[in-house]
Structures are given as C-alpha cells and as structure tokens.
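*Asks:*
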Amino acid sequence: MTQKLTMLLTAGAVLFLSSCQQPVNNKVAKKDEASKYFDEPVITHKVDSVLSMMTLDEKIGQLTLYSSGWDKTGPSMNENYINDIKAGKCGNIFNAFSPDYNRKLQKIAMEQTRMKIPLLFGYDVIHGQKTIFPIPLGEAASWDLKSIQKTASAAAAEAAAAGIQWTYAPMCDIARDPRWGRVSEGAGEDPYLGSKIAAARVHGFQGTDLASDTTVVACVKHFAAYGAPEAGRDYNTVDMSERKLRDVYLPPYKAAVDAGAGTVMTSFNDLNGVPATANHFLMTDILRKEWGFNGFVVTDYTAINELVPHGIAKNEKDAAALAMNAGVDMDMQGGTYSKYLKELLKEGRVTQQEIDNAVRRVLRIKFRLGLFADPYKYFSNKREKKLTYSKYHMSLARQMARESMVLLKNDKETLPLKKGQRIALIGPLANSQRDLLGSWHAAGDWKINKTVKEAMEDQFGRQNIRYAKGCELRGDNRSGFAAAVSAARHSDVVVMVLGESAEWSGEAASRAHINLPHIQSELLEAIHKTGKPVVVVLMSGRPLALDKEVPMTDAMLEAWFPGTEGAPALADVLSGKYNPSGKLPMTFPRITGQIPIYYSAKNTGRPYTKTGKEQKYRSRYLFTPNTPEFAFGHGLSYTTFSYSAPKLSTTKLEMGDTLHVSATITNTGNYDGTEVAQLYIRDMVGSVTRPVKELKGFRRIFLKKGESKTVHFDLTMNDLSFHRKDMTWGTEPGDFKVFVGGASDDVKETAFTLVK
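Everything in the sequence shown is counted per the numbering used here, starting at 235 for the first residue and increasing by one.
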C-alpha cells in the first residue's frame, strides 16, 4: 500500500510540475499568456498546489541553502550536498556560477528528484559580476541614481547569463564609523541618500520583469543596523534607541523593500540584546507586518549557528527554533533547519504553519523568476560570452568610475595636469592590477585591468611618465625612497597613488586606525620636501584620516577602488578629459579619534563655536577641531559654482501643503562641469532633539561655463516628519531652516514656519 501511494504521489508530482514548466518566456509565447502566468494570484495557486504534494523533508529542503566550492580545475560540489539535492533536502545553492556547471546541478534537481523543483542559485554580485564597477561607496559618491541603476542592471545581466538568479545586494546598512570595513559595500552615512540608492539598485537588479533572463532577484542586507557595531568592529554588538533605529538606520531597508526587493538577509549583530537572526521584532513585526514584505528571509552565512556563541541559544537545535519562530525562512550553510526542524516540529517548538509559510515564500520567488517555466533559461554560454566585458558594460564601468571620483583639494589649479608636463608617478598602488577591483569583486578578473601606470602612459605619453614605486603599502622598507625622490626632482609635477590594499576593507576588515600607513606618509613627506607640486590619488574602501597628509599636498583625489576600467577613468580625470563631479557620501575625519563623525549630528546644551575668546566648558576636543577634514557632500570641480539664496514658495507653510524651494546655480569658472546641488533642512524646535542638518533632496545638473540654471525641490510633510516624543511618525508645527549648496558645510539658507 505504501509503495503504491508513493508511486501515485510521484506520478502526480511529475504531472503537475510538468504543467508548471511551460515555456512561457520564449519567442513563441504570447506576451499576455506570459503575463497571466506570472500574476500573483496564479503563482499563489501554483505554490499551494506544489506545497500540498511535498513531504516534510522536501519542504525543509527548500529552506536549506548550501555553498558550492572551487578547486584548481573549477567549480566543485561537496558529495553530501549532491546527495541532499537528489533527496530533495537542498533546494538552493550559492557560490556556484558558470552556465555548464549550474546546468549540471539543475539537471540533478530536475531529473533525479521526486518533486523536480528547480534549484535557486545565489552569488555575491556586489558591484559587478565580471565587469567590475566601483565599490558601492564609490558609486554612492556619484549621487547619480540613473547610473547606479544601470550598473546594477549590467551586473544582473552578466550574472544571469552565468547561471545566477539571486544576488546578495544591495547592502543598505547606514554606516557612520569608517573603521568598519564594510562601509565599502554601502552608500555611506545618510538615510535619505542611502534610501534613494537602495531603491535604484533594486530596480537595476530586478528590472521590470523578474522572469527575464537578464535580471536577478535582489537581497536587502543586512537587516538590521549591521552598520553600527560598537568600536567599528565587524560582527560586534549594536545598541541604540528605537527612535534612532527608525529615523536613521531602517529607512534604506524599507526603501529597498518598497522598490520590490524579493529577499532580505539577516545581519550578524545583535540589536539591543537580541541577535537579528532570532529577532521577531525585526523579521516579523517590522518587516512583514509593518512593511508588508512578502518575499523570503535568508540568514547570513551560519548566522543561526552563531546564536549559540551569542549566548541566546543553548545549542544549535534551540537556535533553529529561535530563527524559525522569529520569521527566518532560509538557513544559509548552517544546516540547522536540515538537522532539527523535523524534530522541533514533533516537539511542538515550531509549527507546521511556520514551515509551510516559509516554503511558500521561497517557492513564490522561484515562480516569479520563471524557474518553473524554464529551469535552464539562465544557463547560456552564448549570452555570457556576448555580455561579459561587452563594449557597453566596459564603457559604463569607465563612466561610473569617472563619476565616482571626488576632488577633495585642488590648490593653485594643480589639476587638471597640463599637456606636455613631465609627470613623476609614485606609490605602491600606481602599478597594481589587483587592488583596482576592491573587495567583493565576484568573478572579476583583475588580470585584464590596466594599471594606473599603463593608463597614464596611454593618456599622457610614455615619454612623459617617470615611475617609481617608492614603498610597499605597509612596512618599514625605505629603500625605494631615493628613486622616488629622484623621479620627483626630474619632473614638473608628482602624482602619488596611495591608500589601502583591496583586502583592507570589506567583511572582517575593520581597522582601529584609518590613517595612511606610516611608510606611505613618510614617502609623501619626502616627496613634498622636493618642492614639486604633489597630487595624491587615494584608493580606499573607506574615508581615511588625513590630517597629516592634506597639508603636504597641492591636490587630492579620492578614487576609491574604481573597478575594471578604473585606471583609464582616473587618467581621464587627471588629464581634464573628464571634469570630476563626485561628492562625498561619508564624512572624512581629521583623525581616528573623532569617530563617529557625521554631518547630521545633534546639538548639545553646550555647543562649541570658535568665536572670540576660547570656550572651555563646551562640547569639544582639546587640540583637535570638532570639524571634519572633508564634510559630507564635499567635492570640488575644475570649475567653480555660485549659488543664489534659496527662494521659498511661502514662509508660512500649512500642514498638508508642499513647500517649493528653488535656487539658481551659475558656473563661474573656466570649464564645463556637473554640480550636485544639495537641499538640507533643520527643524529648530521639536518634542525631541533634532539634527543640525538633514539631507532632503539633491539634483545633478550640467552647466557650461558661464551658464546658469535654476534647480527646484519640493518639501512634503513626509520630509518634515520624524518619530516624535510618543514615537508616532509625523510633523510638528514650528520654525525650520532650509539650506541649499554644494556640500553640507557650504550652503546658503532661508527659513519658514510650519503652521497648523
């Protein structure tokens, strides 16, 4: 009897799944038929039908995610995981890519399992698959939402052709401590800018049709407040008020969810004593109930297992129960669901409904991706070859790298470099290929990159470049100083490429001191003493503390880790072929001891203002100013811009109305250029203290030299709202200031009153 029942179930599953796997996304399928197939009610019906035929083991398999590996000959898979796939106990794989390899794994799921449910393949496509764009912090410095969406779209197209349907991006963590290595992966310190970028990246990855073979499903990470670890140390504890959580840290995650992101990843940290992976308040109360998220939640790598050392679970079985009860759908690599969910269900510690709902959410994404319609559509050697390093993608990478670079300083118009100048090119990063890509560079091949040296020789002529490495990134070897000093003395201008190794930022790459290593600073000092003009190009994954170095430079350019086409882009900027337009998405401190430092701080009862006689009993440091080296929003151009005072549609704004703000910007310099005009507000009196400035809008505008344009902004009630004393969201009547300018510390202001 049991054997007959199994045969009937198997036959039924094959029959039903074959009906699900209609080729609706090919040339012969009609558009309206495909649209109908992917309608949510249709998907819900199909998901419930599949679920009704699954065994408990198969359901748990859909909640299990295991990693592929790599050996000398290419991708490989643990034999135990292969057996789990065959048994329906593993429904998802990450770190597997390449069309042939992923097709092979998918074939196992489609031909050797009872239910024939397609595998979902995920990978860390953070800032490109093979064509690597600037690190996300660098992209954020462009303040160009359209370009950011384009790079995410290009990354998705390359990834999808390689057999990937799911990327673990965007990282939406607000970060105000640059010691934390993963600032490189986010959009900086500001919730408004971070929210706009999060939405742009989701739209880029997912497009308008998740079932397209050129899109991938996004994963919002790391939920929540992963960017605020104590001491800037990765994985460390986070403790903050709910007001700060909701006003500062949650908005970018919500923006990504509102943009339609299909998945969310839990963060490693605890939040106010409860690790995120066991946090019902985050995963269920906020994410699902408040925000209406209906995708699935996946852990970060072994995060369920880590509930044990966190001290909130006695063992991994308890950890699995906590995660499932919190609302976590999928276990990444930890194997806890696979090992313990069945037992926990028998004991009544998790419910069948919790398991079934989690499976529904996973299956829904697989249906939306079109995997049931065509499990093999993402595996295309032809498409991968066509898209990878395509002319369009490389051009986009070069343009994005140009836009990301921030001109921090430019005394005496040292930049752009003049035609025919003899250039000394010095520094440990001037001839590096690998470091250009930065952290999390996916399948990118650093060996195809041009180095800065090669790109400079192409741009300025080999005969005009005199190269000397000078020193290593770290250490005490000064044997290269003499050659570097000699190169400087025999040149008209010096370009020094200094900063960090790509490995010094990213996950598990926090730094207690974010200054340049002493050997690089000493090399700069030696070159500065030659009296030649010095241009410092910084490559880094974070803001650096540069109080010692800035006075020794005539010009300074932050290039971040600019990606596959980063070196040619840098040469374009240095030569003036491209006029830099980047603006800082994160404050640069003078020294590490000022951290955390950010523009939207609150005032104190004893604010410090340096006017007249020195004030002792004020909120200040001894011997170091309160102000940063370079403020949020700062970024120079080879031209100059002037701003008129902002004009308001009214100085008495009634509740529910919209305030129209305008300002005229004029290019007063000698070059055409792009400016990012920024709008800030300040709520002067509230039921709780308010920041001294908050970004509420920005516009990128191109101006020819001598040209003027008027920029327009709208301030709505939502822009003026915050979590009030009673934790309700809304506005309060009172006085506001409005600021418009080219940086948070370079603005013109006016004022209005919000009245009942």
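Ideal placement from N, C-alpha and C gives every residue a C-beta, glycine not left out.
Does DSSP put N698 in a helix, a strand or coil?
*Replies:* Helix at N698.
*Asks:* What are the start and end residues of each continuous beta strand (DSSP E) run of 3 or more residues lying completely inside the stretch 867 to 913, in chain order?
*Replies:* Here the runs fully enclosed are 875 to 877, 886 to 888, 893 to 901.
*Asks:* Under the rule that 16 or more other beta-carbon atoms within 10 Å means buried, what is Y626, buried or exposed?
*Replies:* Counting Cβ neighbours within 10 Å, Y626 comes out exposed, since fewer than 16 surround it.
*Asks:* Do you know how far the Cα of K782 is from the Cα of I369?
*Replies:* Taking the straight line joining both Cα atoms gives about 26 angstroms.
*Asks:* Please report how far the alpha carbon of P486 lies from the alpha carbon of G604, in whole angstroms.
*Replies:* In a straight line, the C-alpha of P486 is about 28 angstroms away from that of G604.
*Asks:* Quick one: Cα of Q995 to Cα of S725, how far?
*Replies:* Residue 995 lies beyond the residue range present for the chain, which begins at 235 and ends at 990; the question has no answer from this structure.
*Asks:* Would you mind sorting T240 into buried or exposed? The rule is 16 or more other CB atoms within 10 Å of its CB.
*Replies:* At T240 the pLDDT is 41, less than 50, meaning the model places this residue with poor confidence; the figure from the coordinates comes in the next sentence. Label assigned to T240: exposed.
*Asks:* Contact between the stretch 670 to 683 and the stretch 709 to 728: three or more CB pairs below 8 angstroms?
*Replies:* Flag = no, the stretch 670 to 683 and the stretch 709 to 728 do not touch.
*Asks:* Whole angstroms is fine: what's the gap from A793's alpha carbon to L642's?
*Replies:* Their Cα atoms are separated by approximately 10 angstroms.
*Asks:* Count the other CB atoms within 10 Å of the CB of D669; is the residue buried (16 or more) or exposed (fewer)?
*Replies:* Result: buried.
*Asks:* Work out the CA separation of V922 and D552 for me, nearest whole Å.
*Replies:* Rounded to the nearest angstrom, the two C-alpha atoms are 40 angstroms apart.
*Asks:* I316 to L339, Cα distance in whole Å?
*Replies:* The alpha-carbon atoms of I316 and L339 are separated by roughly 8 angstroms.
*Asks:* Please list the terminal residues of the continuous alpha helix (DSSP H) segment that includes S310.
*Replies:* Element bounds for S310: not the alpha helix (DSSP H) but the beta strand (DSSP E), 308 to 310.
*Asks:* Measuring straight from C-alpha to C-alpha, what distance separates L772 and L791?
*Replies:* The straight-line gap from Cα to Cα measures roughly 6 angstroms.
*Asks:* Who pairs with C453 in a beta bridge, going by DSSP?
*Replies:* Per DSSP, T497.
*Asks:* What does DSSP give as the partner residues of L603 in its beta bridges?
*Replies:* Answer is none; L603 lacks a bridge partner.
*Asks:* According to DSSP, simplified to helix, strand and coil, what is F439?
*Replies:* F439 falls in the helix class under three-state DSSP.
*Asks:* Please report how far the alpha carbon of P861 lies from the alpha carbon of V472, in whole angstroms.
*Replies:* The question names Pro, yet the displayed sequence has Thr at residue 861. Taking the straight line from one Cα to the other gives about 26 angstroms.
*Asks:* In chain order, what residues of the same chain lie with their CB nearer than 6 angstroms to the CB of W621, ignoring the 5 residues before and after it?
*Replies:* The residue asked about is misnamed: residue 621 is Leu in this sequence, not Trp. Excluding sequence neighbours, L621 sits near A391, E392, A395.
*Asks:* Have a look at G303 and Q667 and give me their C-alpha separation to the nearest angstrom.
*Replies:* Those two C-alpha atoms are separated by around 25 angstroms.
*Asks:* Q256 by DSSP, collapsed to three states: which one?
*Replies:* For Q256, the predicted model reports a pLDDT of 48, less than 50, meaning its position is unreliable; a value from the coordinates is still stated below. Q256: coil per DSSP, three-state reduction.
*Asks:* With a 10 Å radius around its C-beta and 16 neighbouring C-beta atoms as the bar for buried, classify P880 as buried or exposed.
*Replies:* When all chains shown are included, P880 counts as buried.
*Asks:* Considering just the uninterrupted stretch of the alpha helix (DSSP H) at G800, what are its terminal residues?
*Replies:* It spans 800 to 809 - the alpha helix (DSSP H) in which G800 sits, taken as one unbroken run.
*Asks:* Find out if the Cβ-Cβ distance for the pair Y571, I761 is shorter than 8 angstroms.
*Replies:* Not a contact, by the Cβ cut-off of 8 angstroms.
*Asks:* With DSSP as the reference, label V562 as helix, strand or coil.
*Replies:* Residue state, collapsed to three classes: coil.
*Asks:* Rounded to a whole number of angstroms, what is the C-alpha to C-alpha distance between V258 and D608?
*Replies:* Low confidence applies here, because V258 scores a pLDDT of 36, under 50, leaving its location unreliable and the question unanswered by this model.
*Asks:* What does the alpha-carbon distance come out to for the pair G976 and S418?
*Replies:* Whole-angstrom Cα-Cα distance: 23 angstroms.
*Asks:* Report yes if the C-beta distance between R924 and K990 is below 8 angstroms; otherwise report no.
*Replies:* Cβ atoms of R924 and K990: not closer than 8 angstroms.
*Asks:* Looking at S876 and T944, is the spacing between their C-beta atoms short of 8 angstroms?
*Replies:* Not in contact: T944 and S876 (Cβ atoms no closer than 8 angstroms).
*Asks:* Assuming L870 and L882 are in contact, meaning their beta carbons sit under 8 angstroms apart, how far apart are those beta carbons, in whole angstroms?
*Replies:* So it is not a contact: roughly 28 angstroms between Cβ atoms.
*Asks:* In whole angstroms, give me the CA-to-CA distance for D534 and R712.
*Replies:* One C-alpha to the other measures close to 43 angstroms.
*Asks:* Taking only three categories from DSSP, how would you classify Y357?
*Replies:* Reduced to three states, the DSSP call for Y357 is strand.
*Asks:* Could one say the Cβ of K341 lies closer than 8 angstroms to chain C's Cβ atoms, at least one of them?
*Replies:* The structure shown contains no chain C; it holds only a single protein chain.
*Asks:* Within its chain, find whatever has a CB closer than 6 angstroms to the CB of A985; leave out the 5 residues flanking it on each side and keep chain order.
*Replies:* Correct list, in chain order: K971.
*Asks:* Do the CB positions of P404 and A432 come within less than 8 angstroms of each other?
*Replies:* Yes, Cβ-Cβ distance for P404 and A432 is below 8 angstroms.
*Asks:* Candidates K959, G709, L707, K703: which alpha carbon is nearest A193's?
*Replies:* The question about residue 193 has no answer here: the residues shown for the chain are numbered 235 through 990.
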